[in-house]
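Everything on this sheet refers to the single structure shown next.
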Amino acid sequence: MIEITFLTNDRKVVSAPINSNLLRVSLREKGGIPFKCGGGLCGTCKCRIERGLEHTDPVKPKERNHLSQEELAEGYRMACQTFVNGDISVSWQVKPAVR
Ligand code: FES
1096 MIEITFLTND
1106 RKVVSAPINS
1116 NLLRVSLREK
1126 GGIPFKCGGG
1136 LCGTCKCRIE
1146 RGLEHTDPVK
1156 PKERNHLSQE
1166 ELAEGYRMAC
1176 QTFVNGDISV
1186 SWQVKPAVR
């Protein structure tokens, strides 16, 4: 099992099987990563791997539609497209509430 720390959700720590999809773990364990489509289209699940980027799988072409070279270099990924094979910590931008 691996450990995923959801930094933006009070540093919530959950465990998951190796090679888990990051968004799926977030949904199952109430990690809190924002999402809409779940299919690599909307870009809502943009997040930053703050620790353990080396424990994620290669960046997919769909992610390059939403993330710049600089963002990729800084560890940004799209959670629904990212599989995790070791411990990571992840953060994301909290959108202001819609009134
Ligand atoms: S949830 Fe839409 S791209 Fe990931």
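Using this note's numbering, the letters of the sequence shown correspond one by one to residues 1096 to 1194. Here a beta-carbon is modelled for each residue, glycine too, at the ideal position from N, C-alpha and C.
- DSSP places Lys1107 within a strand segment (E or B) once states are collapsed to three.
- By the C-beta criterion, the stretch 1172–1182 is judged to be in contact with the stretch 1131–1148, since at least 3 inter-stretch pairs fall below 8 Å.
- Within the same chain, and ignoring the five residues on either side of Met1096 in sequence, the residues whose Cβ sits closer than 8 Å to its Cβ are Ser1110, Ala1111, Pro1112, Ile1113.
- Annotation: the continuous alpha helix (DSSP H) that includes Ser1121 extends over 1117–1123.
- Under a 10 Å Cβ-count criterion, Glu1158 is classified as buried, with 16 or more other Cβ atoms of the shown protein chains found around its own Cβ.
- In the structure shown, the three-state DSSP call for Cys1175 is helix.
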